[in-house]
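Everything below concerns the one structure shown next.
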Amino acid sequence: MQGVIDFLVSLNIPYVNASVARYIVLQVLAAIVAVAAPAGLIILTWLERKIIARIQDRLGPNRAGPFGLLQAIADMVKMFTKEDITPAKADRLVYNIAPGLGMFAAIMAFAVIPFAPGFAGTQMNVGLLYIVAIGGLGTLAILMAGWASNNKYALLGAFRAVAMLLTYEIPMVMTLVMVAVVAGSMSMVDVVEAQSGMWFVVSMPVAFLIFFLSGVAEVGRSPFDLVEAESEIIAGFHTEYSGIKFGMIMIAEYVHMFALSFFTAVLFLGGWQIPFIDVAALPAPFAAILGLISLLVKVFFFVFVMMWLRGTLPRFRIDHLLDFGWKFLVPLTLVLLIGVAFVIRLFAPGSSVGIPVAAGPLSGLGMPGQVVALLVTNLLVLGLALVVVSSAARRTRSKALRAVSAVDSPVPTAGK
Amino acid sequence: MPSNFDPSQIPLVPIVFWIMTLFTVGGAIGVVSSKKLFHSGLYLVLSFFGVAGYYVLLSAGFMAVVQLMVYVGAIAILILFAVMFSRRPMAAESQANRQWWLGLPLMLVLFVVLVVTVGSVAWPVSGAEPTADTVQQLGVAFLGSYLIPFEVVSVLLSVALIGAIILARGKVEGEETN
Amino acid sequence: MMTIPLSWWLTVAAALFSIGVYGALTRKNAIGILMSIELVLNAVNINLVAFWRYIAPHDISGQVFAIVVITVAAAEAAVGLALVLAVFRRRGSAIVEELDILKQ
C-alpha cells in the first residue's frame, strides 16, 4: 500500500501531499470493500442455493442466466419492486434504522482485516477487540428490529436471537484472547505475522473449532438458525420487514457470514500466507495479488463449510443451544485459556525491549516446542471435556433408565 | 493509531471533537427528555458512541473499544431488555416526575459551578505524547501495582453476576418466597 | 492534540454530568434513572481519561481508574436492572413514585 501512496504522490497533483494521498488510497480501498462485500452477496447466494440444492439431490436455480448465475439479480429486482409495508403502530424511526445499522455493523467489520501484506484498512493495535465490539452492534440492530415491529412474535424472536448471540459471544471472545496471547498482540496484522512459523489451526485446533462454531452461532446460520427459524416463529425478528428493508437484513446476514470466514482465515489459517512460500518477500504487486488470492481461497472454503453445515444438520432448539453454550463451551474455553496461557508463559522468549519479560523455563525449545505443547494442551483439554461430558451423560442416562423401570413396580391399590 | 491530522489545511481534530460532542451531549439530552423509554435507551447508545469517539481522540484506543464492547454491547442491551419488559412499552407519556421544574435550575447551577471551578484552575498540562504501547502498560499495571483492585473488581463482578441471577430468577418450583 | 485545551474536555464532562444528575432526579421510571446514572459514570470516565492524556500521559493509572469505573458500572447496571425486574414482577410497576409501601 505504501507503494501505491508513493506512486500517487509522485504524480504531483496539486494539493496532494503524502497524507492526502494516503487518505485517497484508504478511501478507495474502503469503497472497494464496502461495495465488494454486498456484491459478494450475489456470488454467495448463488453458491448457497446451488450447494444446498445439490446436497438435497436437486438442481437449484438454473433458469435465470447460465447455471442460474443471474438468480440473485432477479431476486434483487423482486425485492426492489415489492411493496414496502410498515406495520401500523410500529416505531417508525427505529424500524427504518435497524436494517441499516445491521448492514453497517457487518460491513464495518472489514476495516481491520489484512487482505495482503501491507494492505490493511487500519493497523489498530486492538483489532481483535474491535471485531467483538462490532458484533455487539449487530446484536443491537436485531433488538431494534424486533422491538420496532410492534409484533409479539418479532419481539420473541429478537429475545431468543439476542440471548443466543450474547451466549456465544463469550466463547468467541475467549478464543480471540487465546489468539492474542499466542500472537503477543491484539492487532490483526501482528496475528498474521505471528503465524509465519506455524498456522494457529495446527497449534490450537480446539480453539479454532470453538471460534468457528461460536462464529456460526453469532451469524445465525444453521444449525443455529432459530433466529430466522422459517418453520417456527414465522420469521423471527424480521417478520414485519418487506421489500428492500428485508433485503438489507439479508445482506447484513450474508456479509456477516463473509466477515466471519475472513476472520477465521486471518486468525487461524494465516491470512494471506501460503505454506512454504514467504509471500511478504515477493516483489510488491505479486505479493499483494498472491496474498489476496490465497486469502480468498481460504475464505471461500469456510463459506462452503457453512453452507455444507446448513444443508446437512437439523436445527438446534433454543434451550439445547443455551445449555450447550453456557454449560459446555464456556467452561471448556476457560480451561483452554488457562492451559494456553500457562504454555505460553513456559515457552516465552524473554525480551528486554519495552516492557521487560523474563524468559520462560522451557523457552530453549523455541517455536516448535511451543507449537507441540499448545497442540498437546488443546487435545488434552478436549479429551478431558469429552470424558466429563460422557460420564455426566452416563449418569443422566442411568437415572432416566431407573425412572423408566420404576414404572413397572406394582401400583398400590386402595382398600384391600 | 494513525493520526487523523491533515497537515495541509483542515483542522480535523476540532471538527471530530464537535461531532462527538454532538453525539454525546445530544444523546444525553435525548435520554433525559424523550417520551418513550425505548428511545431513551437508543439515545443512551448514541451517547456511548460519542464517548467512545472521545476516547479515540484522547489516544486511548483500548478504552474506546472496551467502551463499545462493555457499554454498547452489554449494558445498553441489558437496559433495552429491561425496558421491553415493562408494561406500557409503546405509550408516549411524559417521563418526568413531579419535581422536574426544580431539577432544571439545579442542573444549570451545578453545571455553572463545575465549569467555573474547572476553568479557574491552572492545570499542569504536560505536552508529552503517550507511548504507543498503552495496552502493554495496562497489562503490566493490572498485574503489578494495581493487582489488588483488579482482584477486588473481579470478585465484585462475580458477586454481581450471582446476585443479579438470583434476583431476576423469579419463582422456582419447590422454593418458598417470603 | 493540544489544539483542544483541557478545559473543553472538562466542560463537556461537566455538561454530561449535570444532564445525568438532572435525569436521575426527574425521571419517573426506575430504568430511566439507571440510564442517567450511566451518563454520570461516563462523564467521570471522560474526565479521568482527559486528565491522563493531558497531565500524566506516561503514567497509565488514569486509564486503570477508568477501566475500573467501567467494570463497576457494568456490575451496578446488572444488579440494578435485576432489582427493577424483581420489583416490577412483585408490584407490577417500575414507576418509582408508585413504589411507596414503606410509607404506609
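First to last, the protein sequences are chains V, A and P. Heads up: the first sequence at position 319 corresponds to 411 in the working numbering, and the numbers run straight through without jumps. Heads up: the second sequence at position 135 corresponds to 332 in the working numbering, and the numbers run straight through without jumps. Heads up: the third sequence at position 79 corresponds to 635 in the working numbering, and the numbers run straight through without jumps. Even for Gly, the Cβ is constructed at its ideal location relative to N, Cα and C. Quantities reported herein were computed from a predicted structural model and do not represent experimental measurements.
1. In chain A, which residues lie less than 7 Å from residue 593(P) when you measure between Cβ atoms?
2. Taking the continuous alpha helix (DSSP H) assigned at residue 235(A), which residues delimit it?
3. Check whether the Cβ of residue 333(V) lies closer than 8 Å to any Cβ atom in chain A.
4. Classify residue 498(V) as buried or exposed, calling it buried when 16 or more other Cβ atoms lie within 10 Å of its own Cβ.
5. Would you decide whether residue 296(A) is buried or exposed? Buried here means 16 or more other CB atoms lie within 10 Å of its CB.
6. Would you call the segment 221-228 of chain V in contact with the segment 140-154 of chain V, where contact means no fewer than 3 C-beta pairs closer than 8 Å?
7. Decide yes or no for the touch test of the segment 250-266 of chain A against the segment 232-242 of chain V: beta carbon pairs closer than 8 Å, at least 3 of them.
8. Quick check on residue 195(V): buried or exposed, where buried means 16 or more other Cβ atoms within 10 Å of its Cβ?
9. Anything in chain A within Cβ reach of residue 222(V), meaning under 7 Å, just list it in chain order.
10. Which one or two residues does DSSP pair with residue 385(V) in a beta bridge?
11. With a CB to CB cut of under 7 Å and the five nearest residues on each side skipped, what residues in its chain are close to residue 298(V)?
12. Would residue 176(V) pass as a contact of residue 337(V) if the rule is Cβ separation under 8 Å?
13. Could you name each continuous alpha helix (DSSP H) segment of 4 residues or more that falls completely within the segment 203-271 of chain V, going from the start of the chain to the end?
14. Counting C-beta neighbours from all protein chains within 10 Å, is the total for residue 413(V) 16 or more, i.e. buried, or is it exposed?
15. Which residues in the same chain as residue 254(A) place their Cβ atom closer than 8 Å to its Cβ, once the five residues preceding and following it in sequence are excluded?
16. What is the residue span of the alpha helix (DSSP H) that residue 626(P) lies within?
17. Residue ranges of each alpha helix (DSSP H) run of no fewer than 4 residues wholly in the segment 261-330 of chain A, ordered along the chain?
18. What are the boundary residues of the alpha helix (DSSP H) that residue 276(V) is part of?
19. Report the CB separation of residue 229(A) from residue 579(P) in whole angstroms; it is logged as a contact under 8 Å.
20. Is the beta carbon of residue 304(A) closer than 8 Å to that of residue 589(P)?
21. So which of 183(V), 424(V), 462(V) and 99(V) has the shortest CA-CA distance to residue 479(V)?
22. Just the Cα atoms here: how many angstroms apart are residue 193(V) and residue 339(A)?
23. Does the CB of residue 345(A) have a neighbour CB from chain D at under 8 Å?
24. Using 8 Å for Cβ pairs, my map puts residue 638(P) next to residue 354(A). What's the rounded Cβ distance?
25. What would DSSP say about residue 486(V), mapped onto helix, strand or coil?
26. Any idea if residue 460(A) is buried or exposed, counting beta-carbon neighbours within 10 angstroms, 16 or more meaning buried?
27. Using a Cβ-Cβ distance cut-off of 8 Å, determine whether residue 620(P) contacts chain A.
28. Less than 6 Å between C-beta atoms, sequence neighbours within five positions excluded: which residues of the same chain meet that for residue 466(V)?
29. Rank 311(V), 461(V) and 375(V) by C-alpha distance to the C-alpha of residue 348(V) and give the top, closest one.
30. Using a cut-off of 7 Å between C-beta atoms, extract the partners of residue 379(V) located in chain A.
31. Would residue 366(V) and residue 353(V) qualify as a contact pair, given that the criterion is a beta-carbon distance under 8 Å?
32. Any chance the CB of residue 166(V) is under 7 Å from a heavy atom of the ligand FAD?
33. Taking the beta carbon of residue 268(V) as the centre, do at least 16 other beta carbons fall within 10 Å, making it buried, or is it exposed?
34. Taking the beta carbon of residue 184(V) as the centre, do at least 16 other beta carbons fall within 10 Å, making it buried, or is it exposed?
35. Does the CB of residue 508(V) have a neighbour CB from chain A at under 8 Å?
36. Between residue 609(P) and residue 260(A), what straight-line distance do the alpha-carbon atoms span, to the nearest angstrom?
Considering the structure as presented:
1. Correct list: empty, because the minimum Cβ distance to chain A is about 11 Å.
2. 234-254
3. no
4. exposed
5. exposed
6. no
7. no
8. buried
9. 262
10. Beta-bridge pairing links residue 385(V) to no other residue.
11. 428, 470, 473 and 474
12. yes
13. 219-240
14. buried
15. 210, 213, 214 and 217
16. 617-647
17. 273-281 and 297-316
18. Per DSSP, residue 276(V) belongs to no alpha helix (DSSP H) and is neither H nor E.
19. 4 Å
20. no
21. 424(V)
22. 35 Å
23. Judged by its chain identifiers, the structure shown contains no chain D, and its protein chains are V, A and P.
24. Rounded, the Cβ-Cβ distance is 14 Å, inconsistent with contact.
25. helix
26. It is not possible to answer for residue 460(A), since the shown part of chain A is limited to 198 through 375.
27. yes
28. 295, 296 and 435
29. 311(V)
30. Here the premise fails: no neighbours, minimum Cβ distance about 22 Å.
31. no
32. In the structure shown, the ligand FAD is absent, as is every other ligand, since no ligand is present at all.
33. buried
34. exposed
35. Reliability fails at residue 508(V), whose pLDDT of 46 lies under 50, so the model's placement of it is uncertain and the value that follows must be treated cautiously. Cβ-Cβ to chain A under 8 Å: no for residue 508(V).
36. 12 Å
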